[in-house]
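These protein sequence lines are chains A and B, in that order.
Using the working numbering, the first residue of the first sequence is number 1, and each one after it goes up by one.
Using the working numbering, the first residue of the second sequence is number 1, and each one after it goes up by one.
Data first, discussion second: the structure below is written as structure tokens.
There are 2 protein chains.
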Amino acid sequence: MGLWEEHIRKVVPYVPGEQPQGDRVIKLNTNENPYPPAPGVIKALREMNPELLRRYPDPSACQLKETLAGYCHLGTDNIFVGVGSDDVLGMAFLTFFNSGKPILFPDVTYSFYPVWADLFGIPYETVKVTGAFEILPEDYRRECGGIVFPNPNAPTGICLPLSQVEDIVRQNQDVVVIVDEAYIDFGGESARNLIHRYENLLVVQTFSKSRSMAGMRIGYAMGSRKLIKAMEDVKYSYNSYTMNYASIVLGAAAVRDDQYFKETVGKIIETRERAKGKFAGLGFSGTDSRTNFLFVSHERVPAAEIFRALRERQIYVRYFPVPRLDQYLRVTVGTDDEMEEMFGFLETYLDS
Amino acid sequence: MGLWEEHIRKVVPYVPGEQPQGDRVIKLNTNENPYPPAPGVIKALREMNPELLRRYPDPSACQLKETLAGYCHLGTDNIFVGVGSDDVLGMAFLTFFNSGKPILFPDVTYSFYPVWADLFGIPYETVKVTGAFEILPEDYRRECGGIVFPNPNAPTGICLPLSQVEDIVRQNQDVVVIVDEAYIDFGGESARNLIHRYENLLVVQTFSKSRSMAGMRIGYAMGSRKLIKAMEDVKYSYNSYTMNYASIVLGAAAVRDDQYFKETVGKIIETRERAKGKFAGLGFSGTDSRTNFLFVSHERVPAAEIFRALRERQIYVRYFPVPRLDQYLRVTVGTDDEMEEMFGFLETYLDS
Chain A
1 MGLWEEHIRK
11 VVPYVPGEQP
21 QGDRVIKLNT
31 NENPYPPAPG
41 VIKALREMNP
51 ELLRRYPDPS
61 ACQLKETLAG
71 YCHLGTDNIF
81 VGVGSDDVLG
91 MAFLTFFNSG
101 KPILFPDVTY
111 SFYPVWADLF
121 GIPYETVKVT
131 GAFEILPEDY
141 RRECGGIVFP
151 NPNAPTGICL
161 PLSQVEDIVR
171 QNQDVVVIVD
181 EAYIDFGGES
191 ARNLIHRYEN
201 LLVVQTFSKS
211 RSMAGMRIGY
221 AMGSRKLIKA
231 MEDVKYSYNS
241 YTMNYASIVL
251 GAAAVRDDQY
261 FKETVGKIIE
271 TRERAKGKFA
281 GLGFSGTDSR
291 TNFLFVSHER
301 VPAAEIFRAL
311 RERQIYVRYF
321 PVPRLDQYLR
331 VTVGTDDEME
341 EMFGFLETYL
351 DS
Chain B
1 MGLWEEHIRK
11 VVPYVPGEQP
21 QGDRVIKLNT
31 NENPYPPAPG
41 VIKALREMNP
51 ELLRRYPDPS
61 ACQLKETLAG
71 YCHLGTDNIF
81 VGVGSDDVLG
91 MAFLTFFNSG
101 KPILFPDVTY
111 SFYPVWADLF
121 GIPYETVKVT
131 GAFEILPEDY
141 RRECGGIVFP
151 NPNAPTGICL
161 PLSQVEDIVR
171 QNQDVVVIVD
181 EAYIDFGGES
191 ARNLIHRYEN
201 LLVVQTFSKS
211 RSMAGMRIGY
221 AMGSRKLIKA
231 MEDVKYSYNS
241 YTMNYASIVL
251 GAAAVRDDQY
261 FKETVGKIIE
271 TRERAKGKFA
281 GLGFSGTDSR
291 TNFLFVSHER
301 VPAAEIFRAL
311 RERQIYVRYF
321 PVPRLDQYLR
331 VTVGTDDEME
341 EMFGFLETYL
351 DS
């Protein structure tokens, strides 16, 4: 072993969901949108001028920021864009969580939070959710180095009302509070309007779920000018040009095509609500998800067994073999046809 | 001022080169390639299936890695890809430079190195280049936490012969040595074949210069399996999906179109060599650049004045108002027409 190996940064890397290939696969395991990107995005792709690729992209990604700013009724200096919301969240951890005090996040939540904390040497404490997986704002009234939580939460799908999000922000004005709204478009109320009242609030969203653009890697944060400026400074100290030309152009086109966005999000919500009834009819119970996935547990059959049975049938869902979650499956809301096929299989399987 | 502001990471961000807009602008300031991307890239863009954008891209960017591995006669596990070579270099700093001892790099070099060191709290010492801007391998024989240097160096364009690069690597096998070969395709000899002999050598290259794809943000590193695995672990701890679908597909297409690559690189080298003669004829002296830029100083007129005069004429070159460099201009090699226009102006200007 070379001496240089002693000084490698030690990490336990995040393991992304499986990406099975094949035409017969039904992929309900990574919360992708079952519908293609908006017609406006496809048109923008077809019209993209490849000559421009020889040039550096606009480091400030103005076109994308301006379109988002118009859509969200914010200034461009209230918006930070990055390579998916993971890049945005990682950059926010690096920028804001330097006090030496532990940051707080729920014990059942997005599994990347402890990974970033470990990577950047940020101490953290997890806060227990209730037996019904609920986040209680009063549990976040304590000294800390910062707070981050998803709303709706993952993998539970439970959404806090805006008043409770505001309660957490208001009680913690000495630290930065990050609300990770990856799934907010599927039925929650965004905290983004609160950024005018709370300088310490950062709201993070993504194009990967509701905008059908996981493949383009576009995420963004909204916050006070001071917060955004601090993140921009750190970003420019790491990589000035994070957003490539294609993601800037296609991202802006996605935001402009608002009708398609509303239609497809509406369809996913309808499919989800029908799926809740069907799961219940098959003996599953679950949370009242406000996301594009369901979080369900069967009254009789262990989740691990159902997971394997589905997988053999080429139907992929997500199973987390960890305490508290190991009786649950996280099932992405697919098209009606995909859901029919899954429910058809489950009916026969659970009946046998 | 909120208390939270006290714990923002303090940085002095890197300032990227100006990106002036307009049809009449001659842009010789950011070392972009004057030729469009390869026909194979344009074809791949036209044939891209937008439906696939709804899915997450392959987190390991296999298609791109395999194409690069074939081209470089390496294994895919010898290759790391990132969002431009800045992302790759930043990730390498974060992964390898954790010993607490100062890392070394030349005092005249790429201005991002001290920025990453500051961002990640890595101590560093700069090593003086000679009066003729040369890097001397013997200056790097000392205890340190790691070494990074560009070859050819920026903004001087001077290229070390491979034997001297190997000397630096051989003398420092207890630390990771990063050779930043952003400009190697324009006339230097890559150190990439040395990775089989030196486990501690990381060679970084980019698609932004010789492959005309600055707009797509693609960089890569080549190294021993151990080095690459360590970087992958850190990358998966920050952002699993850094390369978007378009960059994977178009990047692979660029590598496959080798004939176009060789033709355009050959043209740039020819233009550069002619430009050296013309600059000399106008009273400039400079380094023997092996890159796609020239580094020149006029015998009589201060560089800052020439810079401003060119700029008024909408011809943008790069000027660094810092000690040792402030008598030089860095001029990107453009098309023959662009260079003619610049030389035409300089002739009149210097004559007056």
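Cβ coordinates follow ideal geometry from the N, Cα and C atoms, glycine included.
All values reported here derive from a predicted model rather than from experimental measurement.
{"query": "Of the listed residues A/V83, A/C144 and A/E5, nearest to A/S240 (C-alpha basis)", "result": "A/V83"}
{"query": "Under 8 Å by beta carbon: chain A residues contacting B/D86", "result": "Y238, N239, S240 and Y241"}
{"query": "Cβ neighbour criterion (16 or more within 10 Å) applied to A/H298", "result": "buried"}
{"query": "Members of the region 43-54 of chain A that neighbour chain B once the beta carbon cut-off is set at 7 Å", "result": "L45, M48, P50, E51, L52, L53 and R54"}
{"query": "Backbone CA spacing between B/V177 and B/I195 [nearest angstrom]", "result": "11 Å"}
{"query": "Proximity of B/I26 and B/Y316 at Cβ, strictly below 8 Å", "result": "yes"}
{"query": "Selection from A/N244, A/A61 and A/F96 that minimises the alpha carbon distance to A/T76", "result": "A/A61"}
{"query": "Classification of B/T67 by the beta-carbon crowding that lies within 10 angstroms, buried from 16 upward", "result": "buried"}
{"query": "Residues that DSSP places opposite A/K27 in a beta bridge", "result": "A/Y316"}
{"query": "Which residues DSSP lists as bridging B/P106, in chain order", "result": "B/V127"}
{"query": "Among B/G344, B/L282, B/P39 and B/Y328, the one whose alpha carbon lies nearest that of B/V108", "result": "B/Y328"}
{"query": "The region 282-291 of chain B contacting the region 147-158 of chain B, beta-carbon criterion three pairs below 8 Å", "result": "yes"}
{"query": "Classification of B/M1 by the beta-carbon crowding that lies within 10 angstroms, buried from 16 upward", "result": "exposed"}
{"query": "For B/Q205, the three-state DSSP class (helix, strand or coil)", "result": "strand"}
{"query": "Under 9 Å from the C-beta of A/H7: neighbouring residues of chain B", "result": "F96, F97, N98, S99, G100, K101, G145, G146, V175 and V176"}
{"query": "C-beta neighbour in chain A for B/R225, strict 8 Å", "result": "no"}
{"query": "8 Å Cβ cutoff, B/T126 in contact with chain A", "result": "no"}
{"query": "Chain-order list of residues whose beta-carbon lies under 7 Å from that of B/P399 (same chain, five-residue window excluded)", "result": "In the structure displayed, chain B extends from 1 to 352; residue 399 of chain B sits before or after that span and is not available."}
{"query": "Runs of beta strand (DSSP E) lying entirely within the region 207-292 of chain A, each at least 3 residues, in chain order", "result": "219-222 and 284-286"}
{"query": "Which of helix, strand or coil DSSP assigns to A/R9", "result": "coil"}
{"query": "Contact with chain A by B/T156, beta-carbon distance below 8 Å", "result": "no"}
{"query": "Under 8 Å by beta carbon: chain B residues contacting A/P59", "result": "P16 and Q19"}
{"query": "Nearest residue (CA-CA) to A/F97, options A/K276, A/R211, A/R54 and A/A230", "result": "A/A230"}
{"query": "Element boundaries [alpha helix (DSSP H), containing A/P39]", "result": "P39 to R46"}
{"query": "Exposure of A/R217, with buried meaning 16 or more beta-carbon neighbours within 10 Å", "result": "buried"}
{"query": "Amino acids of chain B, ordered along the chain, whose beta-carbon sits closer than 7 Å to that of A/P37", "result": "P50, L53 and R54"}
{"query": "Three-state secondary structure (DSSP) of B/I122", "result": "coil"}
{"query": "CB contact flag (B/L74, B/G334, <8 Å)", "result": "no"}
{"query": "8 Å Cβ cutoff, A/V333 in contact with chain B", "result": "no"}
{"query": "Environment of A/P321 [buried if 16+ CB atoms lie within 10 Å]", "result": "exposed"}
{"query": "B/P150 - partner residues in DSSP beta bridges", "result": "B/D180"}
{"query": "Closer than 8 Å at the beta carbon, the chain A residues around B/G90", "result": "Y238 and N239"}
{"query": "Rounded distance between the beta-carbons of A/T30 and A/T332, thought under 8 Å", "result": "7 Å"}
{"query": "Rounded separation between A/E6 and B/N151 - CA only", "result": "27 Å"}
{"query": "Nearest to A/E341 (by Cα), restricted to the options A/D351, A/R324, A/L310 and A/S210", "result": "A/L310"}
{"query": "Reference A/V265; option with closest CA among A/C72, A/Y14 and A/P34", "result": "A/P34"}
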